[in-house]
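Visitor: Protein sequence lines, in the order shown, are assigned to chains A and B.
Mapping the first sequence onto this note's numbering, position 82 (from 1) lands on 82, and the numbers just tick up by one.
Mapping the second sequence onto this note's numbering, position 272 (from 1) lands on 1272, and the numbers just tick up by one.
For glycine and all other residues, C-beta sits at the position ideal for the given N, C-alpha and C.
Computed from a predicted model, the values in this text were never measured in an experiment.
Before we start, here is the structure in question, set down as structure tokens.
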Amino acid sequence: MREDSAGDSPAFLDRLRAGDAEAFEELVRAYQHRVFGVALRMLGNRAEAEEVAQEVFLRAHRALAGFRGEARLSTWLYGISSRLCLNRLASSEWRLARPGGDALLRLASSAPDAGALAERDELERALEQAIADLPEDRRIVVVLRDLEGLPYEEIAQALDVPVGTVRSRIHRARLDLKEKLERFLQ
Amino acid sequence: MTCPEARGQLSALLDNALATDERSQVERHLAGCAECQRELERLRRTVGFLRAVEPPLAPAGFVRDVVRATRPWYRRALEAVFVPLSIKLPLEAVALAMVAVLGIQIVRDVPEVRREVRALGEISGEEQPVGVTTEARGPSVSARTDKPPGSGAASEPAPYRPPAAAPPATLPSRPGEPESQVPAPPATRGERSLSSPDAEVITEGRALFRDREAAERDRPAGARQDATGPEPAPPRGTTDDSLAGPAPESGRPVPSSKVEPTGATLQQSGDIAPGGPHSGPDVALRRMAPRASPLAERAERAIPPPDCCVRGTLAVTDRARAIRQLGELTQRLGGTEVTRSADARTTVVEVTVRRDAYPRLVEGLHGLGRLTVGRQAGTLAATVRMSVAVVE
């Protein structure tokens, strides 16, 4: 299944609402990497990200029967992912024993200004750290916008905030990142 | 538009998220402000870094785990046991086979377990395969039907009287003999399954018995026993764990309807071996009997009591003391010590007690040590004779 074609087709949604196991498997197969990616960039830990991503799909499975289709399936799943990640980050359990980061961010070899290999490694570490240092409400909009490519309206829908809030948070997050990555921008 | 106002719109400009008029105002400012242009460029490169980040992949097996987690618990449990079928089913089949082999081995090698299994089989009315079991005894039964009436002798063993409930079975006829119908004997503890070594023993028993039968025919008619004669002789314990009871008094036939399957088998064994416990067929049948425990075998080797009706093995820590206490117990119960014999490791004491005192005798023996009674007879004679092999 291609998430942008059959993903929101009425027939596919009907199968999902009817509890069709094959349809649900198709859904998981189509969105697994995106949901896991959001969780990984938000939490910075693969095991935690996998657990949250699984929880995202389990919650979706329980709620699919009542899914009205007002938002796109992808937006709905991003919304569940975002809320679960933010809840996890806000939990006392997380704050007490914050798992070490092993997200291992990698830049595509064709990244602009990536330069030599050593410089690229340094940039990857700096970028990873800069994202991790962002406040959680800014980190989620950057992840959804710049890493996942969602438009402002979908981000607003997923996070249940106004579009203006999304725009301002994205701008502030990028300014934070620009400041942290200043030495790579000369 | 001022520089701060323009810079606040740069991200939205990069994302094409500005309305047309907002976009025009920002672009007009940028056209005249080099600093804001440099700021836009740095922001563009920052966003470029972010968008060059390779998307991570979910772990292998993620879909399977999620789909499995959505299934009901009982399906997950079944899958945990059987999936993947190609691996787990063969493994489970092998494990099952190993358990089965082990179970069979235990039943075959541990006498106590074997006895219990057979006892269960008897309780549930289970029978040995009729054909072979009957074949093992066929000659003797047929031989008795051949005998003329009124030729019974009190000294001959009692004929086998099967329980009334036993279904009839057709015996394989021997050359020159008509096929006879006899009731199939029930499964007994003294019989074994029909593996090939047993079949050999049966064949040997038959051959030996034929010889004896021929000798029997040569004897005077009066010396032979009538199969229907009114005076069945006492059964002779021919198997290791015989409990057929003492010889009934002359003129008192054994009540066949009361004979338990085990007793019937023992009587039948005596029937097959009219010459006594050490004659040929008896030896053969003795080999067919289940192997006793090493302790019991040792006791048997020490002194085989031919006429004893109840045999037991008493494992004790102090043999002399146990024998003394056994004597006291017998005396207390009004019984008598009949014989005593001993070797280096075993002392066999034969005692007789009244039937009503027998349970107390057994109870008292349990108090002296670990008692194993070879066979519990269904009907005991008025005076019970018991052989106790005392071992340390």
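Could you give the DSSP three-state label for residue 1018 of chain B: helix, strand or coil?
Guide: Residue state, collapsed to three classes: coil.
Visitor: Based on Cα-Cα distance, which residue from B/1070, B/1025 and B/1002 lies nearest to residue 24 of chain A?
Guide: Minimum Cα distance to residue 24 of chain A is reached at B/1070.
Visitor: Any contact between the stretch 64-84 of chain A and the stretch 157-166 of chain A? By contact I mean 3 or more CB pairs, one from each, below 8 Å.
Guide: Cβ pair count under 8 Å is three or more, so yes.
Visitor: According to DSSP, simplified to helix, strand and coil, what is residue 148 of chain A?
Guide: The answer is coil: DSSP assigns residue 148 of chain A none of H, G, I, E or B.
Visitor: Check each residue of the stretch 6-27 of chain A: if its Cβ is closer than 9 Å to any Cβ of chain B, include it; give the result in chain order.
Guide: Taking 9 Å as the Cβ-Cβ cut-off against chain B, the residues of the stretch 6-27 of chain A that qualify are 21, 24 and 25.
Visitor: Strictly below 7 Å CB to CB, what residues from chain B border residue 37 of chain A?
Guide: By Cβ distance, chain B contributes 1055 and 1056.
Visitor: Applying a beta-carbon distance threshold of less than 9 Å, which residues of chain D neighbour residue 1061 of chain B?
Guide: In summary, chain D is missing from the structure at hand, where the protein chains are A and B.
Visitor: Any C-beta of chain B sitting closer than 8 Å to the C-beta of residue 52 of chain A?
Guide: Chain B, which has no Cβ nearer than 8 Å to the Cβ of residue 52 of chain A, makes this no.
Visitor: Going by the DSSP bridge assignment, what does residue 1002 of chain B pair with across the sheet?
Guide: According to DSSP, which records beta bridges pairwise, residue 1002 of chain B is partnered with nothing at all.
Visitor: Should the stretch 34-41 of chain A be regarded as contacting the stretch 1042-1058 of chain B, the criterion being three or more beta carbon pairs within less than 8 Å?
Guide: They touch, by the three-pair rule.
Visitor: Counting pairs of beta carbons, one from the stretch 1074-1090 of chain B and one from the stretch 139-148 of chain A, are three or more of them closer than 8 Å?
Guide: The stretch 1074-1090 of chain B, when compared against the stretch 139-148 of chain A, does not touch it at the 8 Å Cβ threshold.
Visitor: Find out if the Cβ-Cβ distance for the pair residue 1349 of chain B, residue 1326 of chain B is shorter than 8 Å.
Guide: Result yes, Cβ atoms of residue 1349 of chain B and residue 1326 of chain B sit closer than 8 Å.
Visitor: Taking DSSP as the reference, what is the three-state secondary structure of residue 1443 of chain B?
Guide: No answer is possible for residue 1443 of chain B: it lies beyond the span of chain B, which begins at 1001 and ends at 1392.
Visitor: Give every residue of the same chain whose Cβ lies closer than 6 Å to the Cβ of residue 1370 of chain B, excluding the five residues on either side of it in the sequence, and list them in chain order.
Guide: If we look at residue 1370 of chain B and ignore the five residues flanking it on each side, its Cβ neighbours are 1315.
Visitor: Pop quiz: residue 1324 of chain B and residue 1392 of chain B are said to be a contact at Cβ under 8 Å. What is the actual Cβ separation, rounded to whole angstroms?
Guide: With a Cβ gap of about 14 Å, residue 1324 of chain B and residue 1392 of chain B do not count as contacting.
Visitor: Starting from residue 1342 of chain B and walking both ways along the beta strand (DSSP E), at which residues does that stretch end?
Guide: Unbroken beta strand (DSSP E) run through residue 1342 of chain B: 1336-1342.
Visitor: Any residues in the stretch 1003-1018 of chain B with a beta carbon nearer than 9 Å to a beta carbon of chain A? Which ones, in chain order?
Guide: Those would be 1007, 1008, 1009, 1010, 1011, 1012, 1014, 1015 and 1017, in chain order.
Visitor: Quick one: give me the first and last residue of the alpha helix (DSSP H) that residue 242 of chain A is part of.
Guide: Any answer about residue 242 of chain A is impossible in this case: the structure gives chain A only from 1 up to 186.
Visitor: What does residue 146 of chain A reach in chain B if we use C-beta pairs closer than 7 Å?
Guide: By Cβ distance, chain B contributes 1047, 1050 and 1051.
Visitor: Of all the CB atoms in chain A, is at least one closer than 8 Å to the CB of residue 1001 of chain B?
Guide: Chain A, which has no Cβ nearer than 8 Å to the Cβ of residue 1001 of chain B, makes this no.
Visitor: Grab me the residues of residue 1053 of chain B's own chain with a C-beta within less than 6 Å of its C-beta, minus the 5 sequence neighbours each way, in chain order.
Guide: Result list for residue 1053 of chain B: empty, nothing under 6 Å.
Visitor: Mind checking if residue 84 of chain A is an interface residue toward chain B, Cβ cutoff 8 Å exclusive?
Guide: Residue 84 of chain A does not count as touching chain B.
Visitor: Under a three-way DSSP split, which group does residue 1330 of chain B fall into?
Guide: If DSSP states are grouped into helix, strand and coil, residue 1330 of chain B belongs with the helices.
Visitor: Is DSSP giving residue 1253 of chain B helix, strand or coil here?
Guide: Low per-residue confidence applies at residue 1253 of chain B: pLDDT is 43, beneath 50, and the placement is therefore not dependable, though the value from the model is reported in the following sentence. DSSP places residue 1253 of chain B in coil when its eight states are reduced to three.
Visitor: In terms of residues, what are the limits of the beta strand (DSSP E) holding residue 1312 of chain B?
Guide: Per DSSP, residue 1312 of chain B belongs to the beta strand (DSSP E) from 1310-1315.
Visitor: Among A/27, A/38 and A/149, which one has its Cα closest to the Cα of residue 58 of chain A?
Guide: Measuring from the Cα of residue 58 of chain A, the nearest candidate turns out to be A/27.
Visitor: Counting only beta-carbon separations shorter than 8 Å, does residue 1070 of chain B have a partner in chain A?
Guide: Yes, residue 1070 of chain B lies at the interface with chain A (some Cβ there is under 8 Å from its Cβ).
Visitor: Which residue wins for smallest C-alpha separation from residue 1014 of chain B, given the options B/1044, B/1029 and B/1008?
Guide: Per the Cα distances, B/1044.
Visitor: What did DSSP end up calling residue 1389 of chain B once you bin it into helix, strand or coil?
Guide: Reduced to three states, the DSSP call for residue 1389 of chain B is strand.
Visitor: Could you tell me whether any Cβ in chain B is nearer than 8 Å to the Cβ of residue 2 of chain A?
Guide: At residue 2 of chain A, the pLDDT of 42 sits below 50, so the modelled position is not reliable; the number obtained from the coordinates is stated separately. Answer no: the Cβ-Cβ gap between residue 2 of chain A and chain B never drops below 8 Å.
Visitor: Relative to the C-alpha of residue 1357 of chain B, which candidate in B/1382, B/1347 and B/1343 has its C-alpha closest?
Guide: Ranking the options by Cα distance to residue 1357 of chain B, first place goes to B/1382.
Visitor: Below 8 Å on the Cβ atoms is my guess for residue 180 of chain A versus residue 126 of chain A; work out the distance and round it to an integer in Å.
Guide: So it is a contact: roughly 7 Å between Cβ atoms.
Visitor: Compare the C-beta of residue 78 of chain A against all C-beta atoms of chain B and say whether one is closer than 8 Å.
Guide: No, no contact with chain B.
Visitor: Under 8 Å between C-beta atoms, does residue 67 of chain A make it to chain B?
Guide: Output row for residue 67 of chain A: interface = no.
Visitor: Would you grab the beta carbon distance between residue 1365 of chain B and residue 1388 of chain B for me? Rounded to a whole angstrom, and I think it's under 8 Å.
Guide: About 7 Å separates the two Cβ atoms, so the contact holds.
Visitor: Which residues of chain B have a Cβ atom closer than 8 Å to the Cβ of residue 32 of chain A, listed in chain order?
Guide: Correct list: 1058, 1062, 1063 and 1066.
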